[in-house]
């Protein structure tokens, strides 16, 4: 991507000068981006991931509901104007559902009239941005909301998978203290899944850093990892297949 990050989302592409998660402020916080515009959703996912956030996308409210019932997100970035159930209706659902009621919501919309902002905030949104917007401002607003609301603890360095332990910094897998050999590809795949623990990751996203455009290499690596992680690789407990999407790591 070659355009400058100062270009607003909703008009042109998003990029930035930061080189990766270390430079960003996300510290592993998990965001849900809900927008029916595939281009905007993917651009936001890419930009926010570079800022250090874990990012999951949903194209409509029904998909967002399913994800929020399965995964605990630190914050939801939600488009208002969507076909079917609107972002305002989804915000009300979040606020009325006890287990989700404290989840912060930031609304995005092309409608900037005062009445629209008032309605969004009255439904329980924590903040409101009008498209097009500068992605740098979006990051600052997300950080401000997370400071106010606290959020969950940061992503741990190590995750436990039964008797196995994976160190995400050292890319080392052990069982009962004894090292288990990982190839570089297996280690990177396990780290990616660990950073998105309890959330499905698309097969093509897992293979995006390779020359494999089919995702088959990922399937092979998953099979090998299951042999090292699972008591019964054919009925995996930790490295699960999410039908129609990809894979999910479910640590203890």
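Residue numbers (this note's numbering): 1 to 252. Built from N, CA and C at the ideal position, the CB exists for glycine as well.
DSSP-derived helix/strand/coil call for residue i
i	result
residue 120	helix
residue 21	Residue placement at residue 21 is flagged as unreliable, the pLDDT there being 36, under the threshold of 50; a coordinate-derived value is accordingly withheld.
residue 165	strand
residue 57	strand
residue 85	coil
residue 79	strand
residue 241	strand
residue 219	helix
residue 74	coil
residue 234	coil
residue 199	coil
residue 252	coil
residue 35	coil
Outcome for residue i when other beta-carbon atoms lying within 10 angstroms are tallied against a minimum of 16
i	result
residue 198	exposed
residue 68	buried
residue 245	exposed
residue 44	buried
residue 127	buried
residue 187	buried
residue 131	buried
residue 98	exposed
residue 216	exposed
residue 115	exposed
residue 223	exposed
residue 153	Because residue 153 sits at a pLDDT of 47, beneath the cut-off of 50, its placement in the model cannot be relied upon, and the following sentence gives the value as read from the coordinates. When all chains shown are included, residue 153 counts as exposed.
residue 22	For residue 22, the predicted structure reports a pLDDT of 36, less than 50, and the residue's modelled location is therefore unreliable. A value from the coordinates is still provided. That one is exposed.
residue 61	buried
residue 248	buried
residue 54	buried
residue 35	buried
residue 177	exposed
Whole-number beta carbon distance between residue j and residue i, since they are thought to touch under 8 Å
i	j	result
residue 32	residue 48	No, residue 32 and residue 48 are not in contact; Cβ-Cβ is about 11 Å, not under 8 Å.
residue 232	residue 161	With a Cβ gap of about 14 Å, residue 232 and residue 161 do not count as contacting.
residue 175	residue 164	5 Å
residue 41	residue 52	Not a contact, Cβ separation roughly 19 Å.
residue 149	residue 83	Contact flag wrong, Cβ pair sits at about 30 Å.
residue 29	residue 146	6 Å
Span of the alpha helix (DSSP H), counted from its first residue to its last, around residue i
i	result
residue 103	Where residue 103 is concerned, there is no enclosing alpha helix (DSSP H), given that its DSSP letter is neither H nor E.
residue 178	Premise fails: residue 178 lies in the beta strand (DSSP E), 178-180, not in any alpha helix (DSSP H).
residue 141	135-149
residue 205	203-206
residue 97	Looking at the DSSP string, residue 97 is not in any alpha helix (DSSP H), and its letter there is neither H nor E.
residue 186	184-195
Element boundaries [beta strand (DSSP E), containing residue i]
i	result
residue 248	246-249
residue 128	127-130
residue 174	172-175
For residue i: DSSP bridge partner residues
i	result
residue 160	165
residue 30	54
residue 109	130
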